[in-house]
Structure formats: structure tokens, C-alpha cells
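Oh and the sequence shown: position 10 is 10 in UniProt numbering, straight run, nothing missing.
The structure appears below as C-alpha cells.
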Amino acid sequence: MPQMSPMNWWFLLILFSLLVKTCISFIYFIYLPTQFSIPSINFKTYKSSTLPWVW
Numbered sequence: 001m002p003q004m005s006p007m008n009w010w011f012l013l014i015l016f017s018l019l020v021k022t023c024i025s026f027i028y029f030i031y032l033p034t035q036f037s038i039p040s041i042n043f044k045t046y047k048s049s050t051l052p053w054v055w
């Protein structure tokens, strides 16, 4: 296997973290509201209180 340079590792790590964050955002903003039908006001406060922990 070819040796990977540190730059490549950082690049992969950043890409992976962006992918994970995108998936989490997708779940938060699309999947959860449709599953639980949270009223928009409650859901806004819910997102604002929980998303900082995720990001």
C-alpha cells in the first residue's frame, strides 16, 4: 500500500466530517419533522438548542 502523506489524511478527515455533518443535518431538518410532526415554533427552539452540541 502506498504511504499517505499527512496532508492527504487531513483532507480525508475534513471530507469525512463534512459528510457526517451533512447527514446529521439531513436527519435533523427532514427526517425528524416528518416523523414526529413537531410544530414549527417548538421545532425551531429544539433545533437551536440541540444543533450547537452536534456542530
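Beta carbons are placed, not taken as given, at the ideal position from N, Cα and C, and that holds for glycine.
**OP:** Reducing DSSP to helix, strand and coil, say where Ser17 ends up.
**Re:** helix
Subject >> Span separating the alpha-carbon of Leu12 from that of Leu18 >> reply: 10 Å
**OP:** Please report how far the alpha carbon of Phe29 lies from the alpha carbon of Val20, in whole angstroms.
**Re:** 14 Å
Original post:
Any idea what DSSP makes of Ser25, helix, strand or coil?
Top reply: helix
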